[in-house]
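>
2 protein chains.
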Amino acid sequence: MGFSVIMLGAGNVGTHLARALHSSGTDIRQVYSRSEESASILARELHTAWTVRTSEILPDADVYFLTVKDDVLHPFLKSAPLENKFLVHCSGSLSLQDLMAYTSECGVLYPLQTFSRSRNVDFSEVPVFLEYSSERAGSVLKQLAAGLTGRVYLADSVQRVKLHISAVFACNFVNHLYSVAASLLKDIPLDFEVLVPLIRETMQKAGVMDPFLAQTGPAVRNDKEIIQKHMQLLASTPDLQELYRMLTEHIHNQHKRPIHGIF
Amino acid sequence: MGFSVIMLGAGNVGTHLARALHSSGTDIRQVYSRSEESASILARELHTAWTVRTSEILPDADVYFLTVKDDVLHPFLKSAPLENKFLVHCSGSLSLQDLMAYTSECGVLYPLQTFSRSRNVDFSEVPVFLEYSSERAGSVLKQLAAGLTGRVYLADSVQRVKLHISAVFACNFVNHLYSVAASLLKDIPLDFEVLVPLIRETMQKAGVMDPFLAQTGPAVRNDKEIIQKHMQLLASTPDLQELYRMLTEHIHNQHKRPIHGIF
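First to last, the protein sequences are chains Y and V.
The numbering of the first sequence is the working numbering, which starts it at 1 and goes up by one.
The numbering of the second sequence is the working numbering, which starts it at 1001 and goes up by one.
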């Protein structure tokens, strides 16, 4: 690409983004993390320099990618010598405005994906959402993003936080429900693996038909006896019972009339 | 297989089960449904007879598969001439006992999958859970199930209802969260398709690592500012705000200490 970048943060997002940038030919000049382990592991993988000291962050890179945790962004920016650098954060819920106090040239590159250190992600399929402070900033970001993925969108800060909330529902909350299901299965006992064909089909269906229309199960059928039976069986775990009750009510309320369909 | 069966019910489960039994060489003698349309469509597809009258249900089949809705099973069985037939229901939450008042020879064949009429399902990957009243009943059910899938398990009525509850969490409730996410995206506006790589990765991760350990997002990080921001943005939809609050609290409570990870 011809741009030199510095990665500020070496967590899940930072690691996967750095790898993908590196693969696309971007020059990763340095990795900063307050964790020596995280910084050094990522830097070694990319054959580049690393530091745990903000004072040692190199001053002459084209782009500074911020992937530190949302709630430490401001303390970090206040402590680091990054005035008037081209800053880019990768957060769904922070605004572009959050960077404006520190520099005039800035942007956001938000990859809509869940990253775990131990899993490879094909970045070329990850939708990436851009926002920027100027045409020049936009030009740099678009070139960097085009090297990562074919799915580049523009989104302002309000759109992005809505997108983040939708992702919290479709990913974080969904994963929590998987976790609840796994804990219930342990009790039988059965391995979570037995649910995989079902959760795969649920997901695949959502990809091709409106999930609202795809809703099945006791709640949408308003099958009171079954719901009652499930509530009784969950009495020994009141927090799960409450979750079941609330989600059932919510489904029931959203679907005004009972819809046919069997689980 | 050499067994003749009659399908009592032609909804989503009945249709997919009948197709799979037919494919495995089982003789579907007749389809009963109170809906003429459902009965005739399925029967024509399987080149067999159909009826909407309980009095016309043929008396001499080896097995009678019940896929009527859970809450009409008893009214249906009281009205149909099925005394002492080999009855098999396919419900997660009804017990074997539910059939005992009508016959001595009975069983349960519960396929753990979500079925929509418009989607083909590869039955050979569907886990099927059996319960039966006698060794003879078990022998027939096992032979029928073996023709459907390689994934045959035994589960008693209590295990099966737990399994059903876990499936409600992992499928019905998950689908509802997809539906919530889709409604939030409409507001941006963005198509649900943009979330597909994220939900696919969330699902694939759950297949290979403990979903509890795979949890990411603001709730498990206890990122109060982001949670606050999301709650504010959801203020115009109080029901979604309440769902967000409750799921966030539940995740937070289950994970005693904050776990690192970025969305």
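No residue lacks a Cβ here, since even glycine has one placed at the ideal position from N, Cα and C.
Predicted, not measured: the structure shown is a model, and the values here were computed from it.
At a Cβ threshold of 8 Å, is Met-246 (chain Y) touching chain V?
Start at 1 with the first residue of the first sequence, and residue 246 (chain Y) comes out as number 246. So, interface residue.
> Under 8 Å, with one C-beta from each stretch per pair, do the region 237-251 of chain Y and the region 1002-1014 of chain V reach the 3-pair mark?
The answer is no - the region 1002-1014 of chain V does not touch the region 237-251 of chain Y, with fewer than three Cβ pairs under 8 Å.
> Is Glu-45 (chain Y) helix, strand or coil by DSSP?
Position 45 of the first sequence holds residue 45 (chain Y). In this structure, Glu-45 (chain Y) counts as helix in the three-state DSSP scheme.
> Hey, would you say Ser-166 (chain Y) sits closer than 8 Å to Leu-1185 (chain V), going by beta carbons?
Your numbering for residue 166 (chain Y) matches position 166 in the first sequence. Your numbering for residue 1185 (chain V) matches position 185 in the second sequence. It is a contact, given that the beta carbons lie within the stated cut-off.
> Taking the alpha-carbon positions, what's the Gly-25 (chain Y) to Gly-1147 (chain V) distance?
To locate residue 25 (chain Y), count along the first sequence from 1; it is residue 25. To locate residue 1147 (chain V), count along the second sequence from 1; it is residue 147. Each residue's alpha carbon lies about 53 Å from the other.
> Three-state secondary structure (DSSP) at Leu-99 (chain Y)?
For the purposes of this step, residue 99 (chain Y) is identified with residue 99 of the first sequence, where counting begins at 1. If DSSP states are grouped into helix, strand and coil, Leu-99 (chain Y) belongs with the helices.
> Could you tell me whether the region 1120-1139 of chain V touches the region 1150-1170 of chain V, using the rule of 3 or more Cβ pairs below 8 Å?
The region 1120-1139 of chain V vs the region 1150-1170 of chain V: in contact.
> Given a cut-off of 8 Å on the beta-carbon distance, is the pair Ala-61 (chain Y) and Trp-50 (chain Y) in contact?
Translated into positions along the first sequence, residue 61 (chain Y) becomes position 61. Translated into positions along the first sequence, residue 50 (chain Y) becomes position 50. Going by C-beta atoms, Ala-61 (chain Y) is not nearer than 8 Å to Trp-50 (chain Y).
> Give the straight-line distance between the Cα atoms of Gly-1138 (chain V) and Gly-1107 (chain V), rounded to the nearest whole angstrom.
As a working mapping, residue 1138 (chain V) is identified with position 138 in the second sequence. As a working mapping, residue 1107 (chain V) is identified with position 107 in the second sequence. Taking the straight line joining both Cα atoms gives about 8 Å.
> Using a Cβ-Cβ cut-off of less than 9 Å, list which residues of the region 1169-1185 of chain V approach chain Y; keep chain order.
Those residues of the region 1169-1185 of chain V that come within reach of chain Y (Cβ to Cβ, closer than 9 Å) are Phe-1169, Ala-1170, Cys-1171, Asn-1172, Phe-1173, Val-1174, Asn-1175, His-1176, Leu-1177, Tyr-1178, Ser-1179, Val-1180, Ala-1181, Ala-1182, Ser-1183, Leu-1184, Leu-1185.
> Listed from N- to C-terminal order along the chain, which residues in the region 1220-1246 of chain V have their beta-carbon within a distance smaller than 8 Å of any beta-carbon of chain Y?
Flagged, chain order: Val-1220, Arg-1221, Asp-1223, Lys-1224, Glu-1225, Ile-1226, Lys-1229, His-1230, Leu-1233, Leu-1234, Asp-1239, Glu-1242, Leu-1243, Tyr-1244, Met-1246.
> May I have the straight-line CA-CA distance separating Ile-1227 (chain V) from Thr-114 (chain Y), to the nearest angstrom?
Counting from 1 along the second sequence, the entry for residue 1227 (chain V) is found at position 227. Counting from 1 along the first sequence, the entry for residue 114 (chain Y) is found at position 114. One C-alpha to the other measures close to 18 Å.
> How about Ile-165 (chain Y): is its C-beta nearer than 8 Å to some C-beta of chain V?
By 1-based counting over the first sequence, the position of residue 165 (chain Y) is 165. It does; some Cβ of chain V falls within 8 Å.
> Please check the pair Leu-42 (chain Y) and Tyr-64 (chain Y), which I expect to be a contact at CB under 8 Å, by giving their CB distance rounded to whole angstroms.
If you number the first sequence from 1, residue 42 (chain Y) lands on position 42. If you number the first sequence from 1, residue 64 (chain Y) lands on position 64. Actually they are not in contact, since the Cβ atoms of Leu-42 (chain Y) and Tyr-64 (chain Y) sit about 16 Å apart, beyond 8 Å.
> Given a limit of 8 Å on CB to CB distance, which residues of the region 1064-1079 of chain V reach chain Y?
Hits within the stretch, in order: Thr-1067, Lys-1069, Asp-1070, Asp-1071.
> For the putative contact between His-1176 (chain V) and Ala-1219 (chain V), defined by C-beta atoms under 8 Å, what is the C-beta separation to the nearest angstrom?
By 1-based counting over the second sequence, the position of residue 1176 (chain V) is 176. By 1-based counting over the second sequence, the position of residue 1219 (chain V) is 219. 18 Å between Cβ atoms; not a contact.
> Can you find a CB in chain V that lies within less than 8 Å of the CB of His-250 (chain Y)?
Here the question's residue 250 (chain Y) lines up with position 250 in the first sequence. Yes, its Cβ sits closer than 8 Å to a Cβ of chain V.
> How long is the line joining the alpha carbons of Leu-77 (chain Y) and Lys-69 (chain Y), rounded to whole angstroms?
Numbered from 1 along the first sequence, position 77 holds the residue referred to as residue 77 (chain Y). Numbered from 1 along the first sequence, position 69 holds the residue referred to as residue 69 (chain Y). The alpha-carbon atoms of Leu-77 (chain Y) and Lys-69 (chain Y) are separated by roughly 12 Å.
> Report buried or exposed for Arg-136 (chain Y), applying the criterion of at least 16 other Cβ atoms within 10 angstroms of its Cβ.
For this step, residue 136 (chain Y) is matched to residue 136 along the first sequence. Under this definition Arg-136 (chain Y) is an exposed residue.
> Between the beta-carbon of Tyr-1178 (chain V) and the beta-carbon of Ala-170 (chain Y), is there less than 8 Å?
What you label residue 1178 (chain V) is simply residue 178 of the second sequence in a count that begins at 1. What you label residue 170 (chain Y) is simply residue 170 of the first sequence in a count that begins at 1. Yes; because the gap between Cβ atoms is below 8 Å, this pair is in contact.
> Could you check whether Lys-229 (chain Y) and Ser-1093 (chain V) sit closer than 8 Å to each other, using their CB atoms as the reference points?
Working through the second sequence from its first residue, we reach residue 1093 (chain V) at position 93. Working through the first sequence from its first residue, we reach residue 229 (chain Y) at position 229. Taking 8 Å as the Cβ cut-off, Ser-1093 (chain V) and Lys-229 (chain Y) qualify as a contacting pair.
> In whole angstroms, what separates the C-alpha of Val-72 (chain Y) from that of Asp-156 (chain Y)?
Translated into the one-based positions of the first sequence, residue 72 (chain Y) becomes position 72. Translated into the one-based positions of the first sequence, residue 156 (chain Y) becomes position 156. Spanning the two alpha carbons is a distance of roughly 22 Å.
> Excluding the five sequence neighbours on either side, which residues of its own chain have a C-beta within less than 8 Å of the C-beta of Ala-1206 (chain V), listed in chain order?
As a working mapping, residue 1206 (chain V) is identified with position 206 in the second sequence. Same-chain partners within the cutoff: Ala-1214.
> Can you confirm whether Ala-1206 (chain V), when its beta carbon is compared against all beta carbons of chain Y, has any partner nearer than 8 Å?
Taking the second sequence and counting its residues from 1, one reaches residue 1206 (chain V) at position 206. It does; some Cβ of chain Y falls within 8 Å.
> Quick one: residues in its chain with C-beta nearer than 8 Å to the C-beta of Pro-258 (chain Y), no 5 flanking neighbours on either side, listed in chain order?
Numbered from 1 along the first sequence, position 258 holds the residue referred to as residue 258 (chain Y). Confidence in Pro-258 (chain Y) is poor, its pLDDT being 44 and thus under 50, which makes the residue's placement unreliable; the coordinate value appears in the next sentence. So the qualifying residues of the chain are Val-220, Arg-221, Asn-222.
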